[in-house]
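>
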Ligand SMILES: Nc1ncnc2c1ncn2[C@@H]1O[C@H](COP(=O)(O)OP(=O)(O)OP(=O)(O)O)[C@@H](O)[C@H]1O
Ligand SMILES: [Mg+2]
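Residue numbers (our numbering), protein chains in the order written: chain D, 1 to 256; chain X, 1 to 367.
1) Pick from D:135, D:106 and D:107: whose alpha carbon is nearest that of residue 120 of chain D?
2) Hey, is the segment 59-66 of chain X in contact with the segment 206-215 of chain X, meaning 3+ C-beta pairs nearer than 8 Å?
3) If you follow the alpha helix (DSSP H) that residue 56 of chain X is in, where does it begin and where does it stop?
4) Grab me the residues of residue 207 of chain D's own chain with a C-beta within less than 8 Å of its C-beta, minus the 5 sequence neighbours each way, in chain order.
5) With 8 Å set as the bound, which would you pick, yes or no: does the beta-carbon of residue 82 of chain D sit closer than that to a beta-carbon of chain X?
6) Count the other CB atoms within 10 Å of the CB of residue 166 of chain X; is the residue buried (16 or more) or exposed (fewer)?
7) Measuring CB atoms only, is the segment 180-191 of chain D touching the segment 156-171 of chain D, in the sense that at least three cross pairs come out at less than 8 Å?
8) Keeping to the same chain, check which residues put their C-beta closer than 8 Å to that of residue 220 of chain X; ignore five residues upstream and five downstream.
9) Going along the segment 60-93 of chain D in order, which residues come within less than 8 Å of chain X, judged by CB to CB distance?
10) With a threshold of 16 other CB atoms inside 10 Å of the CB of residue 320 of chain X, please say whether the residue is buried or exposed.
11) Check whether the Cβ of residue 153 of chain D lies closer than 8 Å to any Cβ atom in chain X.
12) Answer with yes or no whether the minimum CB distance from residue 32 of chain D to chain X is below 8 Å.
13) Using a C-beta cutoff of 8 Å, does residue 102 of chain D count as contacting chain X?
14) What does residue 52 of chain D touch in chain X if you count any residue whose Cβ is under 8 Å from its own?
15) Let me make sure I understand the geometry here. Which of X:241, X:294 and X:286 has the alpha-carbon closest to that of residue 29 of chain X?
16) The beta strand (DSSP E) with residue 81 of chain X in it runs from where to where?
17) List, in order along the chain, the chain X residues whose C-beta lies closer than 7 Å to that of residue 99 of chain D?
18) At a threshold of 7 Å, does residue 41 of chain D count as lining ligand 1 (C-beta to nearest heavy atom)?
19) For residue 105 of chain D, would you say it is in contact with chain X, using Cβ-to-Cβ distances shorter than 8 Å as the test?
20) DSSP has residue 154 of chain D in a bridge; who is on the other side?
21) Rounded to whole angstroms, what is the Cα-Cα separation between residue 101 of chain D and residue 45 of chain D?
22) At 3 residues or longer, and completely inside the segment 112-181 of chain D: list those beta strand (DSSP E) runs for me, N to C.
23) Could you name the residues of chain D that residue 17 of chain X contacts, counting a contact when the two beta carbons are closer than 8 Å?
24) Round the Cβ separation of residue 80 of chain X and residue 73 of chain X to the nearest angstrom and send it over; I've been treating them as touching at under 8 Å.
25) If you pair each beta-carbon of the segment 203-219 of chain D with each one of the segment 64-81 of chain D, do three or more pairs fall below 8 Å?
26) Where does the unbroken beta strand (DSSP E) through residue 209 of chain D begin, and where does it stop?
27) For chain X, find out if any of its Cβ atoms is closer than 8 Å to the Cβ of residue 95 of chain D; answer yes or no.
28) Does the count of Cβ pairs from the segment 223-233 of chain X and the segment 258-265 of chain X closer than 8 Å reach three?
29) Name, please, each residue of chain D whose Cβ falls closer than 8 Å to the Cβ of residue 214 of chain X.
30) What residues from the segment 186-208 of chain X come within 7 Å of chain D, judged by C-beta to C-beta, listed N to C?
31) By the 10 Å Cβ neighbour count, where 16 or more other Cβ atoms means buried, how is residue 19 of chain X classified, buried or exposed?
32) Out of curiosity, what's the CA-to-CA distance linking residue 128 of chain D and residue 39 of chain D?
33) In chain D, which residues lie less than 9 Å from residue 21 of chain X when you measure between Cβ atoms?
34) Using a 10 Å radius around the Cβ and a threshold of 16 neighbouring Cβ atoms, would you call residue 218 of chain X buried or exposed?
35) Locate the beta strand (DSSP E) running through residue 66 of chain D, then write down its first and last residues.
36) By Cβ distance, which residues of its chain are closer than 8 Å to residue 331 of chain X, with the 5 residues on each side in sequence left out?
This is the structure in structure tokens:
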């Protein structure tokens with residue numbers, strides 16, 4: 001069964017087509033990674049799946065629910081770290097976790113969760129006093145409070161030190177081993193290669209390649225030995241830009 | 001379904017943050033006391049309504065002229081300053097920023113004690129358009145009539161008897177305390193909520209909260225609860241300061257409860273509404289100020305609305321804060337409960353409407 005089912009999804013901001021007819025699905029227990037350059041439409045897609053944004057067109061099912069219309073039901077079953085997570089200034093990570101537990105009406109072991117994201121040393125520091133990476137970790141901790149079946153992580157490792165990044169990887173692996181699904185965006189291609197079962201590379205609102213990391217390298221790579229996902233990503237996005245240039249040029253001069 | 005557990009959880013986090021940040025506590029609890037002390041001190045002498053007046057006696061301090069001045073003084077309506085006969089009276093008034101004065105002519109005693117008496121006039125200086133001038137003329141005429149009767153050896157047929165309308169006289173501080181309570185009922189939730197709601201929107205904290213079972217209504221109820229509690233605390237602090245330092249007459253009555261509840265209810269909702277419909281933190285602050293400032297000055301906060309010109313009084317009646325302050329005056333000063341009921345009615349309607357609009361326009365999710 002699929003946890004996420006997306007077909008022909010579209011979303012525009014004014015004349016900008018941020019998401020332009022994409023389709024993909026994520027299975028139970030799968031780690032799926034959305035990749036793509038800045039502005040590709042990853043966050044927009046994720047927010048639609050979380051029920052934070054209304055789609056313009058296309059079909060979306062998350063855990064069998066329509067995220068926009070059945071958000072209240074859905075939110076009990078998913079965990080989310082938004083990109084650039086922020087929280088109220090004068091609350092500590094521990095208080096934040098207890099707050100979420102009370103809101104969800106669940107019992108949460110704040111200390112255990114903090115340990116899991118390696119934040120136990122800052123358990124009682126005000127959110128405003130935490131470093132950027134520590135703030136991210138609070139977001140990760142909160143996304144775990146309600147024991148979610150499906151977790152959305154939008155750039156969870158951006159700005160983290162190597163050790164903390166690995167802690168996040170560990171959390172993701174554990175979630176997977178518990179048969180929960182993860183939808184992950186990241187600009188670290190090694191991370192996607194390391195963790196993801198399925199990958200979709202987006203550019204200008206469209207998916208330009210998808211499959212397992214190995215499949216993508218085999219299909220779109222230049223065939224050289226030891227080629228990484230990052231090499232292929234750079235090549236793919238570069239080619240896409242050239243195609244876009246050519247089609248723009250075809251429409252006549254001065255249209256860039 | 002509103003959940004008390006979630007409201008309590010949100011209230012805990014919010015209240016703790018509020019206390020830790022300290023600045024909010026200052027503005028909701030300390031600042032109003034400072035206002036009471038400040039305005040109380042500035043106006044504590046303005047309770048008596050005496051008119052400052054300058055008198056120049058050109059009759060060589062004759063017994064009759066001195067008697068006239070004593071009579072004026074004993075009306076208790078004037079604060080008299082004697083001006084030397086050597087100076088030019090008009091110039092003296094101008095250079096002392098005085099507006100009203102009385103000149104007793106030389107020969108005053110000689111004229112009135114002549115047989116038969118020679119008519120004589122005291123001259124009243126002043127600006128005929130000012131309300132003070134009317135009072136001075138009236139008081140002076142009354143004293144003059146007294147003199148005339150005496151000279152004619154007659155006694156007054158028609159007299160007056162004074163009955164005080166209110167059972168006690170009010171001092172400025174008595175209006176000031178309810179007014180400033182209204183001021184703090186308005187400002188501390190308005191400024192805070194405008195700020196919080198626009199900031200939470202910018203930082204996507206609302207989005208984050210929308211992913212939990214907390215509802216918009218619960219979030220708003222939690223804020224209202226917090227500000228109702230603060231308002232009650234600040235009520236006792238402010239009335240306490242007014243009584244302690246300026247001897248304000250405060251009637252502690254359950255009649256104040258509806259206003260201390262409905263006020264924060266209304267202004268938390270209004271602040272939320274402003275913050276939520278604004279595009280940025282900055283524009284929210286501007287719109288918030290545009291709404292708050294006129295209300296702050298024109299609703300009877302610092303001066304009774306009845307002392308304002310008619311058109312401003314009309315304007316005051318469309319400002320929500322007017323009904324809070326008018327209501328507090330009605331229950332705390334006049335014991336006028338039927339008027340207070342009207343105020344309560346208006347406030348209930350306003351609060352419910354604004355709360356409804358705030359919940360309706362307050363977007364958790366998309367921006
Ligand atoms: N609220 C919005 N209003 C208007 N345009 C928006 C809005 N949010 C995003 N966009 C635009 O939509 C496009 C896609 O943005 P999105 O945030 O989905 O990209 P992304 O792939 O997540 O990028 P990044 O890797 O930088 O996070 C961008 O061009 C962005 O400028
Ligand atoms: Mg993004």
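The beta carbon of each residue, even a glycine, is placed where N, CA and C say it ideally should be.
According to the data block:
1) D:135
2) no
3) Run containing residue 56 of chain X: none in the alpha helix (DSSP H); it sits in the beta strand (DSSP E), 51-57.
4) 22, 23, 24, 200 and 201
5) Residue 82 of chain D counts as touching chain X.
6) Since pLDDT at residue 166 of chain X reaches only 48, below the 50 mark, its modelled position is unreliable, and the value read off the structure follows with that caveat. Exposed.
7) yes
8) So the list reads 268, 269, 272, 355, 358, 359 and 362, once near-sequence residues are dropped.
9) 71, 72, 75, 76, 78, 80, 82, 84, 85, 86, 87, 88, 89, 90 and 91
10) buried
11) Residue contact with chain X for residue 153 of chain D: absent (no Cβ-Cβ distance below 8 Å to any residue of chain X).
12) no
13) yes
14) What residue 52 of chain D touches in chain X: 207, 210, 211, 365 and 366.
15) X:241
16) That run of the beta strand (DSSP E) goes 78-83.
17) In chain order: 9 and 13.
18) yes
19) Residue-level contact check: residue 105 of chain D touches chain X, since one or more beta carbons of chain X fall below 8 Å from its beta carbon.
20) D:185
21) 27 Å
22) Correct list: 150-154.
23) 88, 89, 90 and 91
24) 6 Å
25) no
26) Counting along the chain, the beta strand (DSSP E) containing residue 209 of chain D begins and ends at 206-211.
27) yes
28) In short, these stretches touch, since the Cβ pair count reaches three.
29) 103
30) 203, 204, 205, 207 and 208
31) exposed
32) 28 Å
33) Chain D residues near residue 21 of chain X: 89 and 90.
34) buried
35) Unbroken run through residue 66 of chain D: none, as it is neither H nor E.
36) Excluding sequence neighbours, residue 331 of chain X sits near 251, 253, 255, 256, 259, 337 and 340.
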